[in-house]
Amino acid sequence: MVAETQNASLHRAKGAKEDEFYTQLEDVERELKHYRKHFKGKVVYCNCDDPRVSAFFHYFSYNFEKLGLKKLIATCYKNHERDLFSTHDSERAIFLEYEGDKNGDRIPGDDEIEVKHLVGDGDFRSAEAIELLKQADIVVTNPPFSLFREFVAQLNMYNKKFIILANQNAITYKEIFPLLQKGKIWVGANSGDMSFRVPDHYTPRATRFWVDEDGQKWRSFGNMCWFTNLDYKKRHEDLTLYKTYTPDEYPKYDNFDAIEVSKVADIPIDYEGVMGVTIGFLTKHNPDQFEIVGITKTWYGGATKIYPQQTQVSTNGKTSQVGKLNDGPVLRVDSPPTEKTYYKVDGECYVQMYARVLIRNKKVEA
Ligand SMILES: C[S@@+](CC[C@H](N)C(=O)[O-])C[C@H]1O[C@@H](n2cnc3c(N)ncnc32)[C@H](O)[C@@H]1O
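So this is what it looks like as structure tokens:
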């Protein structure tokens, strides 16, 4: 009977989205140390967190007094994929409220952590979870990657402060980039490589996957970052620039009124116009130093040229008719590159760059 139930869960999990990535305590600590002053007297809500395994819940319950928190709330989503990971399979979703160490033993005890059942499944969009959200001042979690857009939209709708973990690709989302550009949200203090524990039923992968000596499966991502609307000191530090502009080193795009800067470290110190930089720039962005002017995505607009159908020539010489050049920044090249896919239009040769954030240095006089 038990085996049958597990099989059924496994079967269901197979078609499910892979959303179970458990953040490590050291990653939580490394980021949250930048925001300590914001937590005094505040209600913190971890709304995608099983307190039995969540490093976020652990961090806030153990640092409750040190941070001067008023209350900590966590909701634990009830889904079958998660059940396979949890050793405490529970039939119902729960939420927890913690209001501090009443026994004075510095350990959040069962008598101090009030566990209550939810009627629904604990979805962050459910009415019950929204009632808890309304009580909260700051939401801190690693939400499901697949629902990131909705998650941020909800936080904005309820006007909440937040510190949340995600993939840097989210920077280019049409629901997220405008918030970054307007300075309503920004990228946190740490970014890059992070490793996550994953459930046992997750399929092994050729890269960025391993099983540790305890049999725990892990996955890692090279492009993680935090998104927040709480200020921290480090984001006001200038990026040190040392290169000077030359037209040869920084070619102009063929379809955007900007120059190509392929490495953030190479941003020229003296260029007054618009520059295209990798999306990773936002992990180093100081709003006092640079203005975010746009992004080279079709949904954003701003291209100065529309290409007719193009002939794509792959590195193996294979050709095909495509329309890809209209989604991204393009450089015209004098001769076909050998090591890169290129495009031919009306006898001209072009290469396409990855998405670029368009910026202007506020400290260079026009
Ligand atoms: C990326 S994992 C991170 C888990 C945990 N926050 C952490 O950092 O260790 C996202 C979590 O959100 C949960 N989840 C998925 N969909 C959800 C939803 N609609 N509402 C609330 N939580 C959800 C998943 O079960 C999963 O545990």
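Going by my numbering, the sequence shown wraps up at 395, each residue one higher than the last. C-beta atoms are modelled at their ideal positions from N, C-alpha and C, and glycine is treated no differently.
Reduced DSSP category for residue i - H, G, I as helix; E, B as strand; rest coil
i    : result
E128 : coil
E33  : Below a pLDDT of 50, predicted positions are generally treated as unreliable, and E33, at 39, falls in that range; the measurement from the model is reported next regardless. Reduced to three states, the DSSP call for E33 is helix.
A158 : helix
K163 : helix
A84  : helix
D48  : coil
D375 : coil
R237 : coil
M223 : strand
A199 : helix
S175 : helix
L54  : helix
F285 : coil
A384 : coil
S249 : strand
K95  : helix
Y329 : coil
K313 : coil
Y231 : coil
Y64  : helix
S38  : Low local confidence applies: a pLDDT of 47 at S38 is under 50, so the model's placement there is unreliable, with the coordinate-based value given in what follows. In the structure shown, S38 sits in a helix (DSSP, three-state: H, G or I).
K43  : Annotation note: pLDDT 49 at K43 (below 50); position unreliable, no value reported.
Check: residue i C-beta below 8 Å from any heavy atom of ligand 1
i    : result
S83  : yes
E49  : yes
D152 : yes
Y106 : yes
P173 : yes
A158 : yes
N284 : no
C254 : no
L96  : no
T269 : no
F434 : With the chain running from 30 to 395 in the structure shown, residue 434 is simply not present.
L176 : yes
D79  : yes
N196 : no
T201 : no
N355 : no
T52  : yes
N219 : no
N76  : yes
T344 : no
T8   : Any property of residue 8 remains undetermined from this structure, which presents the chain solely from 30 to 395.
T170 : yes
Residue nearest to residue i in terms of C-alpha spacing, selected from the options
i    : options                   : result
P173 : M382, K369 and C75        : C75
Y1   : K145, V148 and D229       : Residue 1 is absent from the structure shown; the chain starts at 30 and stops at 395.
E179 : A158, R65, E204 and L194  : E204
D356 : D283, L194, D48 and C77   : D283
K100 : G129, W255, G151 and F124 : G129
I159 : R389, A294 and T104       : T104
I324 : K211, K71 and C77         : K211
I123 : A84, D78 and A165         : D78
T344 : N171, V240, T370 and Q164 : T370
K189 : Y279, G151, V73 and C378  : V73
K131 : F177, K347 and F93        : F93
E14  : N198, K163, S90 and L96   : Here the chain has residues from 30 to 395 only, and residue 14 is not among them.
T333 : V359, K69 and G70         : V359
M253 : A218, G244 and H146       : A218
A165 : T348, K145 and L98        : L98
S349 : Y372, V181 and E289       : Y372
Residues that residue i bridges to, as DSSP identifies them
i    : result
L194 : W255
I123 : C105 and H146
V396 : Any answer about residue 396 is impossible in this case: the structure gives the chain only from 30 up to 395.
Y274 : Note: Y274 sits in no beta bridge, so no partner.
N390 : F319
L360 : V380
Pick out the complete beta strand (DSSP E) segments inside the segment 287 to 311, 3 residues or longer, and give them in chain order.
Segments of the beta strand (DSSP E) lying fully in the segment 287 to 311: 304 to 307.
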